[in-house]
Structures are given as C-alpha cells and as structure tokens.
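The working numbering puts the first residue of the sequence shown at 16, with every later residue one more than the last.
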Amino acid sequence: MENDDIKLSINNVRSRILQIFPNIPEAEMRSLNTELISKLSGIDQKQILSLLMSNMSESAIRNLLERLEKWQQSKVAEKRKHPRKSSFIPVDCSSEGASFTDFIQDISNGGIFIQTNGNFYVGQQITLIFSLPKAEEEINIDGEVVRLDSEGIGVKFNEPLTFI
C-alpha cells in the first residue's frame, strides 16, 4: 500500500491484490502460490483443488490425474524393498465379507499389484489366495492395501514371502 496513513477496507485490499496479481511474473507466481497453499490446512487445500477442477476441462482433469498417478508411482517405486516381477496370476481376494477374483499384475516378496476396479481404501485388510507357477502349494496370505490408482490396488503382505 502506497500510504500507510490510509487504512483500506479488507474489500479494497482484496480488490487491489486481484488488480496486481495478473501482472506478476511466472516464477514469482509459482513462489507465491506455494507460499499461499502451504499456509492452508489439508481440508482447505482440497476445497481449493475442487474449485480449480470445477473450472477445468475434462481433458485437463484427466491429464492432471495422469501426472499425479505417475508422481505417486515414482514415489512408491522409491520405497520398495523388494523388486517386482510382472505376472498374470489369478488371485482370490476377500475383505470385509466380500470375495472376488482378479489378476496379479506384478509380485514381489513384499507385496502385489492387483488389477481391479473394486472399491478399496488405503489401510484396508485383505486376504489373498493364489498359486505361483511351479509351486506345489497354494499361497494364503494377509495384506494391507497401501496404494490405489485407476488400474487397481497395491497390497503389502503382512509377512513377506521368502520364495519369489
């Protein structure tokens, strides 16, 4: 504000910010956006994201989801203790009274990724029964849903397998 002696009403302050805002260089805009968003609680951030998406095209929203899923997958890959092997193995799953059969897309000693469009949530406990090629016995193991995406769910075994 040019003159500290003149106290502007909050509406005038907001109006002045909206006048200046479009003229800010892109780098400064990113810094300002980061600062403003970091000061909000998680709920407010979700409300802002929802508002922003309401003004985006369907294509832009789908592109945003794709970028966020790629980012999420890169973070998950960094956390893995066990290397994954691609597979296509039927798996019987049961959780919270529901049972279904889907397919394991990849597997490691520590968990699996199941291709599914079922309704799950992170933290959900799940029991899995499947057979590995060349294995004599069926594997019956409990796990926890640790990742969701548009293709399916990532499940971390409660106890790691020792023979994959």
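Every residue gets a Cβ at the ideal spot worked out from N, C-alpha and C, and that includes glycine.
Simplified DSSP state of Thr116, which is helix, strand or coil: strand
Boundaries (first-last residue) of the beta strand (DSSP E) holding Asn27: It is not in any beta strand (DSSP E) - Asn27 instead sits in the alpha helix (DSSP H) that spans Ile25 to Ile35.
Unbroken beta strand (DSSP E) run spanning Arg99, endpoints: It is not in any beta strand (DSSP E) - Arg99 carries neither H nor E in the DSSP assignment.
With a cut-off of 8 Å, do at least 3 Cβ pairs link the segment 94-114 to the segment 75-86? no
Segment limits, beta strand (DSSP E) that includes Glu159: Ile154 to Asp164
Would you give the residue range spanned by the beta strand (DSSP E) that Ile39 belongs to? Taken as a continuous stretch (DSSP letters only), Ile39 belongs to no beta strand (DSSP E), as it is neither H nor E.
Close Cβ partners of Glu50 (< 6 Å) along its chain, the five nearest in sequence each way excluded: none
Option nearest Thr116 by Cα separation, candidates Thr131, Gly125 and Ile122: Thr131
Note down, in chain order, each residue of its chain lying with its Cβ closer than 6 Å to the Cβ of Ile154, except the 5 sequence neighbours on either side. Phe145
Could you spell out the range, first to last residue, of the beta strand (DSSP E) harbouring Lys171? Gly167 to Phe172
Since Ile129 contacts Val106 with CB under 8 Å, what's their CB separation in whole angstroms? 6 Å
Tell me whether Leu143 is buried or exposed, calling it buried when 16 or more other Cβ atoms sit within 10 Å of its Cβ. buried
Classify Ser110 as helix, strand or coil using the three-state DSSP reduction. strand
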